[in-house]
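The sequence shown maps to residues 76 to 328 in my numbering. Just so you know, even glycine gets a beta-carbon here, dropped at the ideal spot from N, CA and C. The block underneath contains the structure these notes are about, expressed in structure tokens.
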Amino acid sequence: MRFFIELSYNGKHFFGWQIQKKVNTVEERLEYCLSKLLKTSINVVGAGRTDKGVHAKQMFAHFDYKKEIGNNFIDRLNVFLPKNIKVLNIFPVKKNIHARFYAIKRTYKYYLTREKNPFNQDFSWYCFYPLNIQKMNIASKKLMEYKDFSSFCKKKRTNKKENNICQIYHAYWSEHNNILCFTIEGNRFLRSMVRAIIGTLIDVGRNKISINEFVKIIELKNTNFCRLIVPACGLFLTKILYPEDIFYEKKFE
């Protein structure tokens, strides 16, 4: 049977989602704990790959297991997992459903604070620059007019040609109590793309570049261009949407 697992995590002490040698990652911890409790080797496939230090309020992954999973398994798993990972749900899905390829929309939020607060530093970026939010929102709307975001993709050390095409559905800034929040929704995102976009929008808000220059950066489609990437601490993967027909009617609670 194929199962989806829904989880959230504080990414501060993880080197991202994906398993890497000799470093602590979310995928590695999840695979280890699942394998121990289910007494068989479990391979977990995530819906995406968050970078080092990035958080997730909602992440999905899938794994295969031959037996049913009991109602109390989630509680047992959460006791075994480190305190910065929480499993929210585990439920069966239809055969061959893939957590990454079947996702139709992903939402990220980035939190930026205008005043220094030692209790917010793990979950937001303290930005002391004066910012023009109106200009940043005008520039944000331009993202929905384009699909090739090569200029906001961190270059990989490979000659393999990458697919840098993404569809952005929404991108906007909001402000409440001196905290700015940037929300962006799209079908997929490139490596470090969201933080690179935010960093460039910050340049717009600081009047370092104009809105027209922001548009030109998009149109350059140049992976060597990638500008200021804001700190990971303020970035959250908040929602992943799937087609309803991939699920069985009954889910494990």
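- Using a Cβ-Cβ distance cut-off of 8 Å, the region 143-160 and the region 101-119 are in contact, since at least three pairs of beta carbons, one from each stretch, lie closer than that value.
- N192 and K141 have their alpha carbons spaced roughly 49 Å apart.
- Each residue's CA atom was taken as its position, placing T275 and N147 some 46 Å apart.
- Shown here, S83 sits in a strand according to DSSP, grouped into three states.
- Counting the other Cβ atoms within 10 Å of the Cβ of K291 gives fewer than 16, which makes it exposed.
- Within the same chain, Cβ atoms closer than 8 Å to the Cβ of K111 are found at F155, the five residues on either side in sequence being excluded.
- Around the C-beta of S116, fewer than 16 other C-beta atoms lie within 10 Å, and the residue is accordingly described as exposed.
- Residue pairing of K180 in beta bridges, as defined by DSSP: L316.
- Annotation for N287: the continuous alpha helix (DSSP H) segment containing it runs I286 to L295.
- Within the DSSP secondary-structure output, R77 pairs in a beta bridge with D139 and V168.
- The three-state reading of DSSP puts T125 in coil, since its state is none of H, G, I, E or B.
- Straight-line spacing of the CA atoms in G128 and K314 works out to 18 Å.
- Looking only at I172, F89, Q133 and N85, the smallest Cα-Cα distance to Y323 is reached by I172.
- By alpha-carbon distance to F203, the top candidate from Q133, F194 and G280 is G280.
- For A214, the uninterrupted alpha helix (DSSP H) segment begins and ends at I208 to K217.
- In the structure shown, the three-state DSSP call for F89 is coil.
- Rounded to the nearest angstrom, the gap between the Cα atoms of G121 and N212 is 31 Å.
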